[in-house]
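Participant:
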Amino acid sequence: MSQFLRLAFLGCLLIGVSTPVQAHRVHLFALVEGTEIVADCRFSKSKPAQESRLQVFNAKDGSLLLEGKTDRQGGFRFPIPQQVLQNPVDLRLELDAGEGHQARWVIAASEISPQSAASVAQTPDSQHIVQPEKKNNQMLLTEQRLQEIIDRSLSARLAPIQAMLMAQQTDEPGFVEIIGGIGWIFGLFGLVAFMKSRKNKQEKR
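Sequential numbering of the sequence shown, starting at 2, is according to our numbering.
1. Identify, in the order they occur along the chain, each residue of the same chain with its Cβ nearer than 6 Å to the Cβ of V27, setting aside the five sequence neighbours on each side.
2. Is it right to say V57 is buried, meaning 16 or more other beta carbons lie within 10 angstroms of its own, or is it exposed?
3. Around the Cβ of S143, are there at least 16 other Cβ atoms within 10 angstroms (buried) or fewer (exposed)?
4. Report the three-state DSSP secondary structure of L70 (helix, strand or coil).
5. Quick one: is A109 buried, meaning 16 or more other Cβ sit within 10 Å of its Cβ, or exposed?
6. From the DSSP output, in three-state form, read off R199 for me.
7. Would you call D41 buried or exposed, if buried means 16 or more other Cβ atoms sit within 10 Å of its Cβ?
8. Return the bridge partner residues of H102 from the DSSP annotation.
9. Report yes or no: is there a C-beta of chain B within less than 9 Å of the C-beta of R26?
10. Would you check if the distance between the CB atom of L55 and the CB atom of T71 is smaller than 9 Å?
11. Which residue comes first and which comes last in the alpha helix (DSSP H) that contains V85?
12. Measure the Cβ-Cβ separation of L66 and L92 and say whether it is below 9 Å.
13. Where does S45 sit, in a helix, a strand or coil, going by DSSP?
14. Could you check what DSSP says for L90 in three-state terms: helix, strand or coil?
15. Going by DSSP, which residues form a beta bridge with V27?
16. List the endpoints of the continuous beta strand (DSSP E) containing G76.
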């Protein structure tokens, strides 16, 4: 039984040591919103990674596309470079929060909408457009503008939900989770001790 207590104590000690280590991990999440990429950087739900350097690389050739610093909420929003909109490639985001705290996130080329490339294409020369076609183009531009307004409205409404989901991924283990982990370890060692005692009784018979 003394061996069981020593093992249980060791398990509790490991939980206590691992908790603060996880609390100092930095997390990076990113998603595509239209022609922009939004990143969320934080140590925990209540501790954003403020003023941290974030670099964006072309994941294919490793070239640096842009860099900046997160805001006070740990956020970083940037427009997708035009060359990426025209020829989508994987983007690798690298976060440096200082003191060795680093994180990476990859935006797949498939996440960048093919429609984004059309928005940066050159418009036709107006001198070669007859009146009916000009009217159609005006209608098309109006529809595109309407779609942009809808996309921005949806992004604004979904932003709090996205931020909440991102923050949920960085929750630190609370008191209930820690107690549950300790209880699980005690239960496991208790089961082992019970099986051993049962085996000893059977051998004595």
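All C-beta atoms in this analysis are idealised placements derived from N, C-alpha and C, irrespective of residue type, glycine included.
Note that the structure is predicted; figures quoted are calculated from it, not measured.
Facilitator: According to the data block:
1. Sequence index remark: in the sequence shown, residue 27 carries index 26 (1-based). Excluding residues up to 5 positions away in sequence, F44, A50, A98, H102 and A104 lie with their Cβ nearer than 6 Å to the Cβ of V27 in the same chain.
2. Locating residue 57 in the sequence shown gives position 56, counting from the first residue. Only buried fits V57, as 16 or more other CB atoms lie within 10 angstroms of its CB.
3. Here residue 143 refers to the residue found at position 142 of the sequence shown. At residue 143 the sequence reads Thr, which differs from the Ser that was named. With fewer than 16 other Cβ atoms inside 10 Å of its own Cβ, T143 counts as exposed.
4. On the sequence shown, position 69 is the one that residue 70 refers to. First, the amino acid is wrong: residue 70 is Lys here, not Leu. For K70, the secondary structure class from DSSP, reduced to helix, strand or coil, is strand.
5. Here residue 109 refers to the residue found at position 108 of the sequence shown. With fewer than 16 other Cβ atoms within 10 Å, it is exposed.
6. Position 198 of the sequence shown, counted from the start, is the residue given in the question as residue 199. In the structure shown, R199 adopts helical secondary structure according to DSSP, grouped into three states.
7. Residue 41 sits at position 40 when you count from the first residue of the sequence shown. Only buried fits D41, as 16 or more other CB atoms lie within 10 angstroms of its CB.
8. If you number the sequence shown from 1, residue 102 lands on position 101. None, per the DSSP bridge assignment.
9. The structure shown contains no chain B, having only a single protein chain.
10. Position 54 of the sequence shown holds residue 55. Position 70 of the sequence shown holds residue 71. Yes.
11. What you label residue 85 is simply residue 84 of the sequence shown in a count that begins at 1. Here the alpha helix (DSSP H) through V85 covers Q83 to Q87.
12. Indexing the sequence shown from 1 puts residue 66 at position 65. Indexing the sequence shown from 1 puts residue 92 at position 91. Contact: yes.
13. As a first step, residue 45 is located in the sequence shown; it is residue number 44 there, counting from the start. Shown here, S45 sits in a strand according to DSSP, grouped into three states.
14. What you label residue 90 is simply residue 89 of the sequence shown in a count that begins at 1. Inspection of the sequence shows that residue 90 is occupied by Val rather than by Leu. Taken through DSSP and simplified to helix, strand or coil, V90 comes out as coil.
15. Here residue 27 corresponds to residue number 26 of the sequence shown, with the count starting at 1. Partner residues in a beta bridge of V27, as assigned by DSSP, do not exist.
16. Within the sequence shown, residue 76 is the residue found at index 75, counting from 1. For G76, the uninterrupted beta strand (DSSP E) segment begins and ends at G76 to P80.
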